[in-house]
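Trainee: Mind looking over this structure? Questions follow.
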Amino acid sequence: MDELADAITGAAPDLGPPGQRLFIATYRLLAAGHPVTAAELAAATGLPEPAAADALSRWPGVFTDRHGRVTGFWGLAIGELSPAHRFETGGRVLYAWCAWDTLFLPVRLGQDAQSPPPAPPPAT
Numbered sequence: 009m010d011e012l013a014d015a016i017t018g019a020a021p022d023l024g025p026p027g028q029r030l031f032i033a034t035y036r037l038l039a040a041g042h043p044v045t046a047a048e049l050a051a052a053t054g055l056p057e058p059a060a061a062d063a064l065s066r067w068p069g070v071f072t073d074r075h076g077r078v079t080g081f082w083g084l085a086i087g088e089l090s091p092a093h094r095f096e097t098g099g100r101v102l103y104a105w106c107a108w109d110t111l112f113l114p115v116r117l118g119q120d121a122q123s124p125p126p127a128p129p130p131a132t
């Protein structure tokens, strides 16, 4: 159990004040429904663009497209996942990595959200 706890703790990014700003800004910009660039994150946080890009490249749980833009971040994605844990906020459909994420992401985003019930399985 100690090894597992150490592994989980070791995977968490450094979240001093600059990291906290970057973490929340990434969630909130991604919730706009489009891929997020390091330049957008730098502008939103006041961090230099190279520092924002470097942090994202070192953190686990960050997924990017072929242009290096963030498309998924610690439980939040702008593209449909399978199985989909879909929720709606700010007039947009977003996707969570697991059902648990739909419970905490709206709080992190500072927005109300609705999570529709899952679709029934196809008839066989």
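Basically our numbering = 1-based index in the sequence shown + 8. For every residue, glycine included, the Cβ atom is placed at its ideal position computed from N, Cα and C.
#1: Starting from E48, follow the alpha helix (DSSP H) in both directions and report where the run begins and ends.
#2: Report the residue from T45, R94 and G98 whose alpha carbon sits nearest the alpha carbon of L111.
#3: With respect to the alpha helix (DSSP H) encompassing R66, which residues constitute its N-terminal and C-terminal limits?
#4: Tell me which residues share the same chain as G98 and place their Cβ nearer than 6 Å to its Cβ, disregarding the 5 neighbours each side in the sequence.
#5: Could you give the distance in angstroms between the alpha-carbon of V44 and the alpha-carbon of A107?
#6: Quick one: Cα of E88 to Cα of W105, how far?
#7: Note down, in chain order, each residue of its chain lying with its Cβ closer than 7 Å to the Cβ of L117, except the 5 sequence neighbours on either side.
#8: Is it the case that the stretch 53 to 60 contacts the stretch 75 to 87, given that we only count it when at least three CB pairs across the two stretches are under 8 Å?
#9: So, under 8 Å CB-CB, L49 and A33 are touching, yes? Tell me the CB distance rounded to an integer number of Å.
Mentor: From the atom records:
#1: A46 to T53
#2: R94
#3: E57 to R66
#4: Q119
#5: 23 Å
#6: 10 Å
#7: Y35, R36, A39 and T97
#8: no
#9: 6 Å
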